[in-house]
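Engineer: If you scroll down you'll find the structure; I have some questions about it.
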Amino acid sequence: SPRKINKANTLYFTIIASVIVFIVWGFIAKIDRSVTAVGKVIPESKIQTIESIISGKLEVIHVEEGAFVEKGQPLFSIDAIEIIAERDKTENTYYLAMARLARLKAEAGLIEELIFSEELHNNRPDLIEREKQIFLINMSEKEIVERQLAMSQELFDQGAESEASLLTKKQNLLQRKNAILESLSQTEDLLIDTKASLPGKRIRAEQAVLKSPVNGVLTNINFFTIGSIVEAGQQVAEVVPNDEKLIIETK
Numbered sequence: 002s003p004r005k006i007n008k009a010n011t012l013y014f015t016i017i018a019s020v021i022v023f024i025v026w027g028f029i030a031k032i033d034r035s036v037t038a039v040g041k042v043i044p045e046s047k048i049q050t051i052e053s054i055i056s057g058k059l060e061v062i063h064v065e066e067g068a069f070v071e072k073g074q075p076l077f078s079i080d081a082i083e084i085i086a087e088r089d090k091t092e093n094t095y096y097l098a099m100a101r102l103a104r105l106k107a108e109a110g111l112i113e114e115l116i117f118s119e120e121l122h123n124n125r126p127d128l129i130e131r132e133k134q135i136f137l138i139n140m141s142e143k144e145i146v147e148r149q150l151a152m153s154q155e156l157f158d159q160g161a162e163s164e165a166s167l168l169t170k171k172q173n174l175l176q177r178k179n180a181i182l183e184s185l186s187q188t189e190d191l192l193i194d195t196k197a198s199l200p201g202k203r204i205r206a207e208q209a210v211l212k213s214p215v216n217g218v219l220t221n222i223n224f225f226t227i228g229s230i231v232e233a234g235q236q237v238a239e240v241v242p243n244d245e246k247l248i249i250e251t252k
């Protein structure tokens, strides 16, 4: 009958429509599935290991574990106080000898005018000013001694001063010049010695302060007690680089 045919057609079209809906839904719908796996998250670049190049006592921990650190930032100091003090002392002696040598050469007449090196200007301009003041005082004293000798010579020529007195003044001037030359020689030796030892002391002072090689997070600190002995080559901590892609390793 017509009613049975309509019911059959309706059921048929309903089934067809349902199939079509499921097919379309299958193309556009997202299916969430969870998978359980064992693994770890690691940075794409390598974790930076902080090691001590020298052996010594841990003096300062500059940063707490888990803190963000910048490249070049101090993290740990190992025997740094004594080492840095020794470097500073040698540096001071080096620049002092350099400035004094320039003054002594000018006083001895080995150079026409008092000139200081660019290195001294850049690092210790205070020593330059001090040596200039000493130079002016010494040159004034030299001028006085020379004038006294000239006056004594005139008096001696006139018979108004003894030869012994004149010779004493000449001797004083010669002793003064000899003292300048002796001091110049000693200062040259001191400058040579300090110049030879300074690079090594600078390197050692740099090694005494462990710095971060990259921007990142300080982690896995192995020493927390001030005074702990850190051996050369021993790992002190790690720095996980910042702003790096993370890789998930699973098994």
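In my numbering, the protein residues as written are 2 to 252. Where is the CB? At the ideal position from N, CA and C, for every residue including glycine.
1) With burial defined as no fewer than 16 other Cβ atoms inside 10 Å of the residue's Cβ, what is the status of R148: buried or exposed?
2) State buried or exposed for S166, treating a residue as buried only when at least 16 other CB atoms are found within 10 Å of its CB.
3) For Q49, which three-state DSSP category applies?
4) When the distance is taken between beta carbons, is V237 closer than 8 Å to I51?
5) Let me know if T253 comes out buried or exposed under the rule of 16 or more other beta-carbons within 10 Å of its beta-carbon.
6) Taking contact to mean at least 3 C-beta pairs separated by less than 8 Å, is the region 157-176 in contact with the region 129-141?
7) Is the Cβ of H122 closer than 8 Å to any Cβ of chain D?
8) Quick check on DSSP: helix, strand or coil for E155?
9) Hey, how far is the Cα of G207 from the Cα of K171?
10) Count the other C-beta atoms from every protein chain shown that fall within 10 angstroms of the C-beta of E132, then say buried if there are 16 or more, exposed otherwise.
11) Which residues in the same chain have their Cβ closer than 7 Å to the Cβ of I54, if we skip the five residues on either side of it in sequence?
Structural biologist: So, from the data block:
1) Looking up residue 148 in the sequence shown gives position 147. Per the 10 Å Cβ criterion, exposed.
2) For this step, residue 166 is matched to residue 165 along the sequence shown. Under this definition S166 is an exposed residue.
3) Position 48 of the sequence shown, counted from the start, is the residue given in the question as residue 49. Strand at Q49.
4) Taking the first residue of the sequence shown as position 1, residue 51 is located at position 50. Taking the first residue of the sequence shown as position 1, residue 237 is located at position 236. It is a contact, given that the beta carbons lie within the stated cut-off.
5) One cannot answer for residue 253 here, as it falls past the ends of the chain, which runs 2 to 252.
6) no
7) In the structure shown, chain D does not exist; there is a single protein chain.
8) Residue mapping note: residue 155 aligns to position 154 of the sequence shown, counting from 1. DSSP places E155 in helix when its eight states are reduced to three.
9) Position 206 of the sequence shown holds residue 207. Position 170 of the sequence shown holds residue 171. This sequence places Glu at residue 207; Gly is not what is there. If I take the Cα positions, the gap works out to 53 Å.
10) Counting from one through the sequence shown, the residue named residue 132 turns up at place 131. When all chains shown are included, E132 counts as buried.
11) The count along the sequence shown starts at 1 and reaches residue 54 at position 53. Within the same chain, I54 has close Cβ partners Q208 and A233.
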